Structures are given as C-alpha cells and as structure tokens.
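Structure first, then comments.
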Amino acid sequence: MSEPGGTELAATLRRIERAAGALATASVSRMDETLPWFRDLPADQRSWVMLVAQAGVRSLVQWLRGGGGTPDATQEVSDEVFATAPQALARSITLQQTVALIKVTIDVVEEQVGHLAVQGEEQRLREAVLRFSREIAFAAARVYARAAESRGSWDARLQALLVDALLRGDSPDVLASRAAALGWADAPPVAVAVGRSPGGEVAAVLHTVYRHARRIGVEVIGGVHGDRLVIVLGGAADPLAATEKLLPAFGTGPVVVGPAVPSLDEATESARAALAGFRAAPAWPTAPCPVPAAALLPERALAGDAEARRRLRHDVYAALVRAGGELLETLDAFLAAGGTLESAARALFVHPNTVRYRLRRIAEVTGFSPLAPRDAFALQVALTVGRLDPVAPVVAAAPSPTLPPTVRKTAQSSDDQR
2 MSEPGGTELA
12 ATLRRIERAA
22 GALATASVSR
32 MDETLPWFRD
42 LPADQRSWVM
52 LVAQAGVRSL
62 VQWLRGGGGT
72 PDATQEVSDE
82 VFATAPQALA
92 RSITLQQTVA
102 LIKVTIDVVE
112 EQVGHLAVQG
122 EEQRLREAVL
132 RFSREIAFAA
142 ARVYARAAES
152 RGSWDARLQA
162 LLVDALLRGD
172 SPDVLASRAA
182 ALGWADAPPV
192 AVAVGRSPGG
202 EVAAVLHTVY
212 RHARRIGVEV
222 IGGVHGDRLV
232 IVLGGAADPL
242 AATEKLLPAF
252 GTGPVVVGPA
262 VPSLDEATES
272 ARAALAGFRA
282 APAWPTAPCP
292 VPAAALLPER
302 ALAGDAEARR
312 RLRHDVYAAL
322 VRAGGELLET
332 LDAFLAAGGT
342 LESAARALFV
352 HPNTVRYRLR
362 RIAEVTGFSP
372 LAPRDAFALQ
382 VALTVGRLDP
392 VAPVVAAAPS
402 PTLPPTVRKT
412 AQSSDDQR
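Per the numbering used here, the sequence shown runs over residues 2 to 419.
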C-alpha cells in the first residue's frame with residue numbers, strides 16, 4: 002500500500018468514500034437475504050444497523066488513512082463506529098449476531114474491491130480489509146463487554162435494593178416494581194435463604210450463586226448485606242433441597258431457609274423468619290445445614306423473636322389447652338420425669354399405656370412428639386412461653402391437626418423402643 006499521502010491510496014480512499022452509501026445499502030440487503038433473524042427486527046433497529054454499516058465504511062477510510070492497512074500497524078479501530086446506534090441495540094442484538102452482521106458487510110466490501118481500489122492496489126486493499134474486519138470485531142467485543150459490565154453493575158444495585166426492601170418489609174408495590182426491572186418471573190413458590198457470605202467481591206459472590214442456580218433450574222435474586230448472603234429463590238418445588246445445592250455459594254456457618262410463600266409479594270414473611278432463624282441458629286450447634294426457620298422456633302423464641310413466641314403460644318400451648326383432657330398435665334409429668342414413661346405414669350397414678358396414648362395425642366395436636374428429644378425441647382419452651390404469655394382459655398376442643406408423617410414415624414419408633 003502506498004504511503005498515506007500517496008496518490009494511489011488517496012484515489013482508493015476517495016472511491017470508498019463515494020461508495021459508502023451504496024456499500025451500506027448492499028450490506029443491509031445481503032443481511033436481509035442471508036440472516037432470517039435480521040428480517041424479523043423492527044424497522045427502527047434495521048435503520049440503526051444501516052447507520053452502523055455506513056459508519057463502518059467511514060471508519061475503514063479513517064483507519065486506512067491512519068496507516069492501519071500496513072501489515073505492522075498497531076492502530077485499533079475506534080469504538081465510535083458503534084456510537085451511531087443507541088445502547089438499546091446491544092440489548093436487542095447479541096454479540097454473535099453482531100459478528101454475523103460484520104461478516105456480511107466485510108463480504109460485500111471484499112466483493113467490491115475490484116471497483117474500489119485503483120489498478121494494482123486490489124490485493125493490498127483486500128488484505129487491509131481482512132485486517133480491518135479483525136479490528137472491527139474486537140471493537141464490537143469491547144462495546145458488548147462494557148455494556149455487560151454496566152448492566153451487571155446496575156442489576157447488582159437493583160438486586161441489593163430489592164433484598165433490602167424485603168428485609169425492611171417494604172410494600173408489595175415496591176417489591177413488584179424492582180423485581181420487574183430485574184425480569185423476575187415470580188415462579189411459585191418463593192422462599193428466602195440466609196447464611197454467611199464467603200467474603201470477597203460482591204459480584205464474584207453473586208456470580209457463584211447464579212451459576213449454581215442455573216444448574217438446578219431455579220430463579221434467584223441475591224444480595225450481600227454486611228456479612229450475610231441473602232438469596233430469594235423462586236420456582237423451587239422444595240426450597241430446602243434447592244438451598245442445599247446452593248451451599249457452595251455461602252460461607253461457613255448455618256444457612257436458614259424461611260417458609261415457602263406463593264409469590265414475592267409475601268416473601269417478607271419468609272425473609273423475617275430466615276433472618277430470625279439465622280440470628281438464633283448458633284444456639285443449636287448440631288442443626289442440619291440448611292435448616293428450616295420453623296425448626297428453630299424454640300431458639301428464635303428465646304432470642305426474642307415475637308413471631309416465634311406467637312406460634313409456640315398459639316399453635317402448641319393454646320392447642321393443648323383447646324384439646325382439653327389431661328394432656329398438659331401428662332406433658333408436664335413426662336418432661337419432669339426426664340422423658341421416662343414409667344416414672345411419668347407413677348407420678349400420674351395411671352397405667353403406662355395411658356401415658357403412651359396421651360403422648361400420641363400431644364403429637365397429633367401440636368405436631369411435636371414428646372418422645373423425640375428435639376421436639377420435647379420445643380414443647381418445653383412452648384409451655385414456658387404459653388404460661389408467661391397466657392392466651393384466652395377455650396372450653397370447646399378444636400379438631401386435632403394431622404401430625405406430619407415424619408413426626409408420626411419418630412413418635413411411633415420411640416414408642417416401640419419404650
């Protein structure tokens with residue numbers, strides 16, 4: 002190629018400049034013929050592509066004038082070639098599609114080399130166009146990388162705001178608007194998991210969360226608040242099992258999962274329970290990980306969680322009061338006897354089978370089996386809370402709730418051993 006000031010190069014550049022509009026038009030027509038997805042683009046986006054194609058031809062001229070066409074040139078193509086289109090185009094057209102558009106444009110220019118270059122400069126121009134295509138592809142990659150970084154930073158801020166709104170208990174409208182901006186599908190059920198953050202850059206922590214979430218096919222929104230990692234899960238049929246697969250994203254220590262709720266609008270309840278459970282979890286060193294917030298009711302109540310106290314008072318103590326009979330007396334005697342059935346029977350002056358029957362009734366009424374040590378502790382705390390915060394007595398016995406199968410199994414196995 003001649004020097005930048007040479008007449009041959011100047012003549013070639015003038016030809017390219019004059020043909021810029023025709024080259025762009027031919028490129029867009031070729032795109033329409035060869036790229037099916039391009040034909041489906043809205044008219045405004047197609048016009049943006051036309052502008053980018055024209056800017057690309059002009060950029061080729063500037064690049065050649067700056068010496069970019071020589072084999073040892075180090076000049077990069079300016080990213081300004083993509084500035085003619087709004088940033089929204091980067092969200093509508095993927096990087097892979099952009100590379101396809103560039104390839105079509107370069108192909109069209111290469112086909113016209115014989116008409117664009119002065120005699121004897123065809124091969125040099127063709128080689129320069131090939132080098133330019135590489136540089137323009139790198140420029141496109143830089144533009145998309147910056148857009149991804151900017152979008153990632155914005156999404157991270159939105160997610161942090163959404164998680165903060167959940168923890169504060171903001172209105173459902175606030176939650177819905179921020180979730181919509183993040184593209185949250187609100188697939189039921191929704192649950193909140195809280196654990197310790199592994200530390201390091203927040204972006205790296207959340208990237209680990211999203212990578213594991215994609216593997217198990219659940220929707221997540223994450224945020225780091227102080228030393229805590231808060232994750233909102235959506236669409237997981239079993240949030241506890243899903244959280245177990247997300248454990249590599251958490252730091253050391255307990256991970257507590259709040260109750261599942263139908264939608265994000267109600268996730269504040271799950272978040273509060275998970276946070277209360279996380280604060281109380283150190284009181285149960287052998288707790289499973291992850292652990293449901295409901296399994297930490299006694300620790301939460303002792304830590305001052307009003308909701309845990311209410312549930313123990315209403316769902317356990319008041320349920321025993323409503324059931325009537327001698328269930329409370331039997332439970333007191335059984336706990337006082339250290340869980341020894343025969344000693345409780347002697348204290349009550351009844352047959353041990355009578356105590357067994359009443360213990361099964363207690364499990365059916367409360368969902369906690371006195372024969373299981375962990376459940377016995379929860380019942381003991383519930384009796385204490387109920388007597389400190391007494392509820393209005395109810396004379397009529399309410400229907401007994403069905404004991405969960407796992408509790409029934411525990412109670413039955415313990416009963417058989419005794």
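Glycine is no exception: its CB is placed at the ideal position from the N, C-alpha and C atoms.
From a predicted model like this one, the values you see are computed outputs, not experimental measurements.
- Per DSSP, reduced to three states, the secondary structure at residue 372 is coil, with no helix or strand assignment.
- Taking 3 residues as the minimum length, the beta strand (DSSP E) runs contained wholly in the segment 172-233 are 191-197 and 220-226, in order along the chain.
- Here residue 43 carries a coil assignment [DSSP, helix/strand/coil].
- Between the C-alpha atoms of residue 388 and residue 318 there is a straight-line separation of about 8 Å.
- When the alpha-carbon of residue 386 is set against those of 123, 305, 249 and 205, the nearest one is in 305.
- Comparing alpha-carbon positions, the option among 52, 205, 335 and 240 lying closest to residue 225 turns out to be 205.
- In the DSSP annotation of this structure, residue 94 is not part of any alpha helix (DSSP H), being labelled neither H nor E.
- In the three-state reduction of the DSSP assignment, residue 286 falls in the coil class, being assigned neither a helical nor a strand state.
- With respect to residue 192, residue 234 sits close: the two C-beta atoms are nearer than 8 Å.
- DSSP places residue 299 in the uninterrupted alpha helix (DSSP H) bounded by 298-303.
- Partner residues in the beta bridge of residue 258, as assigned by DSSP, are 194 and 293.
- Under the three-state reduction of DSSP, residue 278 is assigned to helix.
- Around the CB of residue 169, fewer than 16 other CB atoms lie within 10 Å, so the residue is classed as exposed.
- Secondary structure note for residue 343: its alpha helix (DSSP H) is the uninterrupted segment 342-349.
- The C-beta distance from residue 196 to residue 283 rounds to 13 Å, too long to meet the 8 Å contact threshold.
- Rounded to the nearest angstrom, the gap between the Cα atoms of residue 294 and residue 332 is 25 Å.
- Residue 67 carries a coil assignment under DSSP once its states are collapsed to helix, strand and coil.
- For the pair of segments examined, the segment 27-35 was found to touch the segment 105-112: the number of CB pairs separated by less than 8 Å reaches three.
- Close CB contacts of residue 249 within its chain, under the 8 Å cut and outside five residues either way in sequence, are with 209 and 213 (chain order).
- Contact holds between the segment 52-66 and the segment 120-134, because three or more Cβ pairs, one in each stretch, are under 8 Å apart.
- In the structure shown, residue 387 adopts helical secondary structure according to DSSP, grouped into three states.
- Rounded to the nearest whole angstrom, the CA to CA distance from residue 326 to residue 337 is 19 Å.
- Bridge pairing for residue 252: absent [DSSP].
- Going by beta carbons, residue 13 and residue 144 fall outside the 8 Å limit.
- Between residue 257 and residue 278, the beta carbon gap of about 4 Å places them in contact (Cβ cut-off 8 Å).
- In this chain, residue 318 is not harboured by any alpha helix (DSSP H), its DSSP state being neither H nor E.
- Straight across, the Cα-Cα distance linking residue 188 with residue 236 is about 5 Å.
- By the CB criterion at 8 Å, residue 291 and residue 245 fall inside the cutoff.
- Residue 322 has its alpha-carbon roughly 40 Å from the corresponding atom of residue 176.
- The Cβ-Cβ distance between residue 371 and residue 360 falls below 8 Å.
- With fewer than 16 other beta carbons inside 10 angstroms of its own, residue 374 counts as exposed.
- Rounded to whole angstroms, the gap between the alpha carbons of residue 297 and residue 303 is 10 Å.
- If you draw a straight line from the Cα of residue 369 to the Cα of residue 328, it is about 13 Å long.
- For residue 339, the secondary structure class from DSSP, reduced to helix, strand or coil, is coil.
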